[in-house]
Structures are given as C-alpha cells and as structure tokens.
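Written as structure tokens, this is what we have:
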C-alpha cells in the first residue's frame with residue numbers, strides 16, 4: 056500500500072510533534088518556496104498540478120490564487136476549517152493529527168499571493184483537544200522560525216491566527232465566513248465583487264479549504280508532474296473520503312480521485328467493509344453530505360471523482376459520503392435534511408428563507424398523511440423554483456434532498472399519500488458472494504402531468520367545480536394554520 060500523502064499520521068506516529076514532522080521532510084517545501092522560487096513560480100506549479108479545491112466546489116486552486124490583484128495591499132489568506140457539513144470530519148483529523156502540514160500549506164499559499172497574515176477559521180464546536188493540538192502546532196512553528204519575521208533569512212514575514220466560529224453552517228460559505236471574521240452577522244455577500252478582489256476588510260483575500268492546503272507542500276516539494284501521476288486528468292491527486300452511515304467501518308479514507316468507486320469504498324476490505332445489517336441492500340448514497348442530491352444504488356459503480364459523480368446526477372463536494380440501506384425511509388430522511396437547512400438558513404434572501412420554511416411545513420403534513428398525490432408534485436415544484444434564485448448555495452443545497460428523493464424514491468412518499476398513483480417499485484436483488492453488491496434499478500419516473508391547454512383557449516369552470524375548489528382551498532388553509540400551530544408548539 057502506498058504511503059499516505061495527507062493522512063500521514065497513519066504511517067508516522069506522533070507526526071503532530073514538530074520534531075517528528077521536520078524529521079520526515081516537514082517545512083522543506085516552505086523553505087524551497089521562500090528561498091528558491093518566486094511567488095509567481097509557486098502559483099504556476101500549483102496551477103500546473105491541477106489541484107482543485109477540496110471543500111466543495113472543486114475550483115482550481117492555482118487559478119484562484121492568480122486572481123489576486125498585483126497592486127493592492129495588504130492581502131490575506133483565510134483557511135476554511137469550519138467543516139459544518141453533515142458527515143464531514145476530514146479537516147478535524149488533519150488539524151488534530153497532522154497539523155503542521157496544514158500550517159505549512161497555508162504559509163506557502165500566503166507567500167504565493169504575498170500575504171503577510173493567515174487566519175484559520177475553525178468550527179465553533181471543534182473539540183477542546185483539537186484546539187489545543189492545533190494552537191500548540193502554530194506556537195511550535197513560530198518557535199522554530201517557520202512563522203513570524205524574515206523566514207529563512209529572507210525579507211518575507213507571515214503571521215498566523217486561529218478564529219473560532221459560533222457554530223453557524225452558513226459560515227462555511229466563503230463570504231459569510233469573511234463577515235463573521237470581521238465581527239459581523241454571518242451572512243453571505245452579494246457577488247461580484249469576489250473575495251479575491253474585495254475580501255477580508257475590503258482587501259484581496261484567498262480562501263482555501265484545510266484539506267486543499269494540505270496538498271500544497273507535497274506539490275511544491277515533488278512537482279506538478281509527480282502530483283498528476285495520481286488521480287485522473289481532470290481530477291488529479293489524492294482525496295480524503297469521509298465514510299459514514301450504515302457501514303461497518305466508518306472513517307476517513309485517503310485514495311486517488313477516480314481510482315475507486317462507491318462500491319469499493321462501501322464494501323472494500325480496506326475501506327467500509329460492507330453494510331451493518333446482515334442482508335441489507337444499499338438504497339441511497341449522499342456523496343457530499345446533506346448538500347448533494349441523493350444517488351440510488353444504481354450509481355454504486357460510479358468512480359469517485361468530480362466529473363463522474365456530476366455525470367451520475369450529484370456532486371462529489373467535500374466527499375462526505377453517507378450510506379443509507381433499504382431500511383431508511385427516504386421521505387423521512389429528506390424531511391430531516393430540510394429541517395436542518397431551514398434551521399441553518401440565515402434568512403437574508405427570500406427564496407431560501409421562505410422556501411425552506413414551506414418545504415418543512417409540507418413535509419410535516421406529509422408525515423401526518425395529510426397530503427394528496429398532487430401535493431407531492433407541489434413539493435417538487437417549490438424546490439425547483441428555488442434553484443438559481445438564492446443568494447448563496449445553501450438555498451440550492453436545501454433543494455437537493457427534496458428533488459432527488461422524489462425523483463428516485465417516490466414510492467416512499469406514496470406510503471404517506473392516500474390517493475397515490477400506482478408506481479413500480481424495484482425489487483431487491485440477492486447479493487452475490489463477496490463484498491460486491493448489485494445495483495438496484497432506478498424506479499420508473501412518475502407519470503407525466505396532463506398537458507396544458509393550448510394557448511388562447513379558455514374553459515369556464517362549472518358551479519360544481521368552483522364549489523369543490525373553494526372547499527379544497529378552505530381545507531388547505533385550515534391545514535396550514537394547524538401546521539403553523541404544530542410547528543410553533545414543536546419550537547417551544
């Protein structure tokens with residue numbers, strides 16, 4: 056098995072100690088960058104490596120660095136370690152077990168864009184042990200001369216600080232992170248301008264994920280060509296996959312992008328080792344925590360890289376993979392995710408604030424078996440109307456579990472709907488010998504709605520239809536009032 060590049064603590068005991076880290080080549084990449092390379096050369100080698108952001112969007116890191124204006128100072132580097140996505144716990148392990156690689160990567164990024172200050176924005180609930188380890192590592196780096204004034208005898212200086220958030224999911228969004236760091240309410244900014252030009256305190260700012268910057272030291276030390284020998288052409292390098300859910304061995308696993316599939320990660324002996332429940336089948340997969348569309352079991356053989364997962368209908372994001380077996384009610388699971396997003400919405404933009412609220416109310420009515428079949432179509436429509444209309448990705452993330460669960464698992468909704476139309480439900484297939492599991496077929500889509508009348512045609516409603524519609528409207532009004540009262544009582 057190849058040595059780990061990111062999770063080096065699995066190969067080297069006590070690498071969180073600076074003496075051990077230095078013995079194994081630690082801070083040599085920073086020395087090489089500061090003493091033998093120009094800032095532009097560092098940017099070019101990272102750009103040539105193809106390193107993509109590991110926090111969610113997968114944007115090319117070197118390209119992001121190159122957006123910094125050449126004539127505006129001061130500049131800042133912000134490290135996004137907020138890690139509030141459900142099912143994500145990779146950055147915590149890096150900061151607790153291999154903190155100096157994170158620090159070294161952040162210092163190299165600062166040198167590349169000629170910033171003299173780095174802020175690590177960490178999750179507010181970050182456990183006390185991890186805080187102490189990371190803060191101790193920064194203090195050790197200062198003491199050893201890897202941070203502070205005149206690094207390696209040059210005229211370049213960099214200072215590093217740690218800031219803890221207050222637990223808001225929204226502050227994982229980069230502009231909301233900047234607002235929080237400035238002491239303001241954590242809400243997204245309208246973009247453009249982007250942080251690269253108008254960021255922290257109105258100055259050019261680079262914002263990178265913790266794992267992203269952990270990739271930088273080995274790239275600078277070994278070169279872009281070496282890095283591109285791993286992964287795929289469009290998704291090079293290693294990635295940490297956070298595996299959780301109904302698997303036997305959840306945890307962080309490092310692998311090359313595109314070289315393993317969901318099936319390998321879930322059932323492989325070196326990874327998840329299969330499902331917890333004997334005889335269970337994979338029903339759904341969340342590839343990027345709650346923010347990604349749910350994939351059905353037919354996607355088990357999808358390679359784990361950005362392009363392949365996107366082609367399957369979801370996104371890799373931070374690779375926080377949550378596995379759900381056939382005991383999970385997908386309508387209930389979607390409700391739990393909507394409840395999370397409605398709670399975490401900052402309320403700044405109307406589509407997210409109102410959309411998540413009404414989706415939650417619809418799900419509450421669904422679980423109480425108060426909806427009709429057409430109302431499930433309405434849930435789909437409400438979620439669809441939010442796409443592309445929100446100020447930041449949170450509102451769109453909230454639509455993912457709704458749209459994907461109705462698309463792939465409509466029969467779970469039908470169990471709550473008295474007048475549900477008959478729909479075929481896939482039958483589980485017996486698993487073959489060994490760890491592999493067959494992919495369950497995707498259920499047939501719901502019947503298409505009736506075609507709209509031709510343009511210009513008008514049909515008058517009969518008195519009976521008018522009376523029926525008024526009665527239905529009155530019933531829905533009363534149901535909404537009851538749902539509001541129930542939600543208020545639930546909040547109390």
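Residue numbers (the working numbering): 56 to 547. Note that beta-carbon positions come from the ideal geometry of N, C-alpha and C, so glycine has one too.
(request) Using 10 angstroms around the beta-carbon of residue 489, count the other beta-carbons present and answer buried if the total reaches 16, otherwise exposed. (result) With a pLDDT of 44 at residue 489, under the threshold of 50, the modelled position of that residue is not reliable, and no figure is offered here.
(message) On the criterion of 16 or more Cβ atoms from any shown chain inside 10 Å, does residue 477 qualify as buried, or is it exposed?
(response) Flag for residue 477 reads exposed.
(message) Suppose contacts are defined by Cβ-Cβ distances below 8 Å. Is residue 435 in contact with residue 418 by that definition?
(response) no
(request) Count the other CB atoms, across all protein chains shown, that sit within 10 Å of the CB of residue 120; report buried if there are 16 or more and exposed otherwise. (result) buried
(request) Determine the direct distance from the alpha carbon of residue 344 to that of residue 140, and round the result to whole angstroms. (result) 6 Å
(request) Using alpha carbons as the reference points, say which of 160, 310, 136, 103 lies closest to residue 118. (result) 103
(message) Which residue marks the beginning of the beta strand (DSSP E) containing residue 285, and which one marks its end?
(response) From DSSP, residue 285 is part of no beta strand (DSSP E); its letter is neither H nor E.
(request) May I ask you to report which of helix, strand or coil DSSP gives residue 272? (result) Helix.
(request) Could you pull out every residue in the same chain whose Cβ sits closer than 8 Å to the Cβ of residue 106, ignoring the five residues on either side in sequence? (result) 115, 116, 117, 267, 270, 271, 274, 282, 291, 292
(request) Taking the CB atoms as reference points, tell me whether residue 336 and residue 381 lie closer together than 8 Å. (result) yes
(message) With a threshold of 6 Å on Cβ separation, who are the neighbours of residue 167 within its own chain once the five nearest residues in sequence on each side are excluded?
(response) Within the same chain, residue 167 has close Cβ partners 94, 97, 98, 120.
(message) Measuring straight from C-alpha to C-alpha, what distance separates residue 471 and residue 535?
(response) 18 Å
(request) Confirm, please, whether the CB-CB distance from residue 264 to residue 135 is below 8 Å. (result) Yes.
(message) Within 10 Å of its beta-carbon, does residue 307 have 16 or more other beta-carbons around it, so buried, or fewer, so exposed?
(response) Buried: at least 16 other Cβ atoms inside 10 Å.
(request) Thinking residue 371 and residue 361 are a contact (beta carbons under 8 Å), I'd like their distance in whole angstroms, please. (result) 5 Å
(request) Could you tell me the boundaries of the beta strand (DSSP E) in which residue 59 lies? (result) First-last for residue 59: undefined, no H or E at that position.
(request) Just the C-alpha distance for residue 261 and residue 133, rounded to the nearest angstrom, thanks. (result) Cα-Cα distance, rounded: 6 Å.
(message) Does the beta-carbon of residue 196, which I'm using as the reference point, lie nearer than 7 Å to any heavy atom of the ligand ADP?
(response) Questions concerning the ligand ADP fall outside what the structure shown contains, since it holds no ligand whatsoever.
(message) Please state whether the Cβ-Cβ distance between residue 406 and residue 444 is less than 8 Å.
(response) yes
(message) Could you give the first and the last residue of the continuous alpha helix (DSSP H) run that contains residue 472?
(response) Run containing residue 472: none; DSSP gives neither H nor E here.
(request) Reducing DSSP to helix, strand and coil, say where residue 417 ends up. (result) Residue 417 falls in the helix class under three-state DSSP.
(message) In whole angstroms, give me the CA-to-CA distance for residue 493 and residue 374.
(response) Model confidence at residue 493 stands at a pLDDT of 40, short of 50, so the residue's coordinates are unreliable and nothing is read from them.
(request) Measure the Cβ-Cβ separation of residue 460 and residue 388 and say whether it is below 8 Å. (result) yes
(request) State the Cα-Cα distance for the pair residue 278 and residue 353, rounded to the nearest angstrom. (result) Taking the CA atoms as reference points, residue 278 sits about 38 Å from residue 353.
(request) Check whether the Cβ atoms of residue 341 and residue 376 sit closer than 8 Å, and answer yes or no. (result) yes
(request) From the DSSP output, read off the bridge partner residues of residue 447. (result) Residue 447 pairs with nothing; no bridge assigned.
(request) Taking only the alpha-carbon atoms, compute the straight-line gap between residue 75 and residue 89 and give it to the nearest angstrom. (result) 22 Å
(message) Tell me which residues share the same chain as residue 507 and place their Cβ nearer than 8 Å to its Cβ, disregarding the 5 neighbours each side in the sequence.
(response) Only weak support is given to the placement of residue 507: the predicted model assigns it a pLDDT of 38, under 50, and the value that follows is read from those uncertain coordinates. Cβ neighbours of residue 507 beyond the five flanking positions: none.
(message) Closer than 8 Å is the cut-off here; do at least three beta carbon pairs connect the segment 216–236 with the segment 390–404?
(response) yes
(message) Quick check on this structure: which residue in 458, 441, 457 has the alpha carbon closest to the alpha carbon of residue 451?
(response) For residue 451, the closest alpha carbon among the candidates 458, 441, 457 is that of 441.
(request) Would you identify the three-state DSSP class for residue 234, choosing helix, strand or coil? (result) helix
(request) Classify residue 463 as helix, strand or coil using the three-state DSSP reduction. (result) helix
(request) Would you identify the three-state DSSP class for residue 353, choosing helix, strand or coil? (result) helix
(message) Between which residues of its own chain and residue 421 is the CB-CB distance below 6 Å, once the five residues before and five after are set aside?
(response) 471
(message) Buried or exposed, going by whether 16 or more other CB atoms sit within 10 Å of the CB of residue 463?
(response) buried
(message) Within a Cβ cutoff of 7 Å, which residues of the same chain sit near residue 252, ignoring the five residues on either side of it in sequence?
(response) 124, 259
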